[in-house]
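**Student:** I have a structure I would like to understand better, so I am pasting it below and will then ask my questions one at a time.
Numbering (the numbering used here), first residue to last: 756 to 816.
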């Protein structure tokens, strides 16, 4: 899915998950994401493209 480059941290509803729904908080401890809002949100100035977050079990790891 193309990233939204609105640069607003998803405040205008541009940020969506891969299924087209709203982003959910993924990690608060530690606080993650380009905007440090706990979501995998991005903007044009995010050269690292912080767009993936998963919750993995010990077995998976």
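Positions of the beta carbon are idealized from the N, C-alpha and C atoms, including for glycine. Here the structure is a predicted model, which is why all the values come from computation and not from measurement.
Would you list the residues sitting across from residue 784 in a DSSP beta bridge?
**Tutor:** None, per the DSSP bridge assignment.
**Student:** Name the DSSP beta bridge partners of residue 771, please?
**Tutor:** 777
**Student:** Out of 800, 794, 787, which has the shortest C-alpha to C-alpha gap to residue 777?
**Tutor:** 794
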